[in-house]
Amino acid sequence: MVKKKISIGLFALALVGGYGYHTYAATNENDQQQTQVTNIDSSIPVANQTTVETPLLQGTPDPDAVNISEVPENQIFVPQSVTIGNAGRSINSTSIMTESEIYARETDIGLLLRTTYTTPENVEITFTQGPALLDEEGTIENLISRYNGENIKQTQINGHSAIVVDGTVRKVVHLITKDHLFSASSLNGTVDDLMNVINQVQE
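Right, dumping it as structure tokens:
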């Protein structure tokens, strides 16, 4: 039973923080997948590869998707406005993000929410909210183990533990509360951009 709970908890962290640490996850499974990609027969035509990949890009509607209007307001902690940079500018959620742009998914581990903020400078920040299934210490240890050789710092944000990753490819901030794990990540933004979002989480 304990092993099952730990497995579910680790799976939850992978789902919620996936956008944050996907680039840096150092698991055997990823290594095997990389090996398989590397060893693809070079005689396979590119057209065939494109045909195989196209359905993944097009995709079918997610059967677990939930209309955000059906999610109780007291379960949504996605920041509704974001202050950008030192200029003190504020972007209202209606100009960069509407409820229809918040992707909600009901899973075995609970409700997952995801959205993207875009600044006037075209910085894209992906934000996710999910349930915290491990205790704080376990969550921190698991998150830290996911980043390989990156600049990682543990800090406090609004009285909650946080992990800041100043990565070479992606910047990530994870906020750990009693009931939730929040993550903000960006390929072209700074840690400060992410902190502007995470600092406005009010649980």
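In case it helps, mature numbering (1 follows the signal peptide of the UniProt record, and there is no 0) puts the sequence shown at residues -25 to -1, 1 to 178.
Every residue, glycine too, gets a C-beta built ideally from N, C-alpha and C.
In terms of Cα proximity to Thr143, the closest of Leu156, Phe157 and Asn126 is Asn126. By the neighbour-count criterion, in which a residue is buried when 16 or more other Cβ atoms sit within 10 angstroms of its Cβ, Gly124 is exposed. Between the C-alpha atoms of Lys146 and Ile100 there is a straight-line separation of about 10 Å. As a beta-bridge residue in DSSP terms, Tyr92 pairs with Ile100. Within the region 102 to 160, the runs of alpha helix (DSSP H) at least 4 residues long that lie entirely inside it are, in chain order, 111 to 120. Looking at the DSSP output, Val41 shares a beta bridge with Ala79. Contact annotation: Thr91 and Phe102 have beta-carbon atoms nearer than 9 Å. Exposure of Gln131 is indicated by the presence of fewer than 16 other C-beta atoms within 10 angstroms of its C-beta. According to DSSP, residue pairing for Leu87 in a beta bridge involves Arg80.
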